[in-house]
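Quick mapping for you: the protein sequence lines, in order, are chains A and B. The first sequence runs 27 to 168 under our numbering. The second sequence runs 27 to 168 under our numbering. The beta carbon of each residue, even a glycine, is placed where N, CA and C say it ideally should be.
There are 2 protein chains.
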Amino acid sequence: MTAPDDPLLELATTLDRLTSWIRRHSAPSPLSMTARTTLSRLDEQGPTPLGELATQEGISQPAMTGLVNRLEGLGLTAREPDPDDRRVSRILLTDAGRALIAERRSQRARTLAEHLQRLSPADQQALVAALPALHHLTQDVS
Amino acid sequence: MTAPDDPLLELATTLDRLTSWIRRHSAPSPLSMTARTTLSRLDEQGPTPLGELATQEGISQPAMTGLVNRLEGLGLTAREPDPDDRRVSRILLTDAGRALIAERRSQRARTLAEHLQRLSPADQQALVAALPALHHLTQDVS
DNA sequence: TATTGTTATACTCTATAACTATA
DNA sequence: TATAGTTATAGAGTATAACAATA
């Protein structure tokens, strides 16, 4: 059990609060949160079997089937047969899908910049210095 | 894959990933994300008119009516008439609601802290150093 | 008239169970 | 038999529009 004034525990609480802050300040989107993180994931890791994508996103396989169907209907993703196992559908981003999440990322960066500008230079520097740590944190279990 | 040249763009991407990472590593809950942040908000700011709560959470007034009805059915919140304006319903936490949000918050913080402990001392130090900045960021617009 | 909140209705996203096809 | 994915069905949570009560 951790002590109540453990800085790590305080950090965890702050990150928890940060999550809900980010959620409230995200630009409204016709795509669901899962849809957006799925597109972002496909951009990072390339073509991925549907079931694996479902596990990574923490939703059921039928839910991912439905999501991929919607994304495909929007022209954002496509299916590719796996040459080694004909049961497998590999999901990949189309050019339109890649363009959309690039646009969304830069838009989010602009919004973030507005808020960052109100922070002190020391605060800004601290955040940039913490980037590798945040990166390692999210790759921890992946 | 996006080029990580712009630190601001990288920060946006990392925060994006952090959001979905925290979401995936949260303990499963019968309550929706909005339900949880609403309880948390009521715990922080006390009794709040329903419409104001809807605006703060970024959902419509009818959606908040439905959510509050569900929370009330679970015994987690209650309605209180506003003495000055009889149209207004002020929503407040019950003792059960307060207990639930406290338990969940500390559990979530513990889980996150476990992952933070696996990071290198340098990473941990960087995150702790960024704590005030994160705190300021989330209080920025509040 | 304007505001606070509810009711009516419809759509999206999710889950579990049953199914098809490949392995 | 086991695995990858789809289809069937149901429930939660959301929005917009129309309404009731109060200001």
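For A:P107, the beta-bridge partners assigned by DSSP are A:S115. The bridge partners DSSP lists for A:P75 are A:R116.
A distance of 8 Å or more separates the beta carbons of B:A122 and A:L34. For A:L93, the enclosing alpha helix (DSSP H) stretches over residues 87 to 99. Around the beta carbon of B:T81, a 10 Å sphere encloses fewer than 16 other beta carbons of the protein chains shown; the residue is thus reported as exposed. By the neighbour-count criterion, in which a residue is buried when 16 or more other Cβ atoms sit within 10 angstroms of its Cβ, A:R112 is exposed. The continuous stretches of alpha helix (DSSP H) do not include A:S58, and DSSP gives it neither H nor E. Using a 10 angstroms sphere on the CB of B:A128, the tally of other CB atoms stays under 16, which defines it as exposed.
Between the alpha carbons of B:G72 and B:A53 lies a gap of roughly 25 Å. Of all C-beta pairs linking the segment 99 to 114 of chain B to the segment 146 to 165 of chain B, fewer than three are shorter than 8 Å, placing the two stretches out of contact. Taking the C-beta atoms as reference points, A:L93 is found nearer than 8 Å to A:A61. For a cut-off of 8 Å, the C-beta gap from B:M90 to B:L79 is around 6 Å, short enough to register as a contact. Rounded to whole angstroms, the Cβ separation of A:R43 and B:T164 is 5 Å, and the two are in contact under 8 Å. Per DSSP, B:H51 lies in no alpha helix (DSSP H) segment and is marked neither H nor E. Counting every other CB atom within 10 Å of its CB across the protein chains shown gives B:R144 a total below 16, marking it as exposed. Annotation for A:T120: G101, L102, T103, A104 place their beta carbon closer than 7 Å to its own, counting only its chain and skipping 5 residues before and after. At a cut-off of 8 Å, the C-beta of B:I117 has no neighbouring C-beta in chain A.
Taken atom to atom, the span from the alpha-carbon of B:D149 to that of A:I117 is near 34 Å. Buried is the label assigned to B:E36, since at least 16 other Cβ atoms lie within 10 Å of its Cβ.
Per the C-alpha coordinates, the member of B:T45, B:R67, B:S115, B:L41 positioned closest to B:R131 is B:R67. Pairing B:G77 with B:Q87, the inter-Cα distance amounts to about 6 Å. Legend: CB atoms of the segment 89 to 116 of chain B lying less than 9 Å from CB atoms of chain A are not found in any residue. By the neighbour-count criterion, in which 16 or more other beta carbons inside 10 Å mark a residue as buried, A:R136 falls on the exposed side. Only residues of its own chain outside the window of five on either side were considered, and among them T60, T63, T64, R67, M90 have a CB closer than 8 Å to the CB of B:E83, listed in chain order. B:G84 sits in coil when the DSSP states are folded into three classes, being neither helix nor strand.
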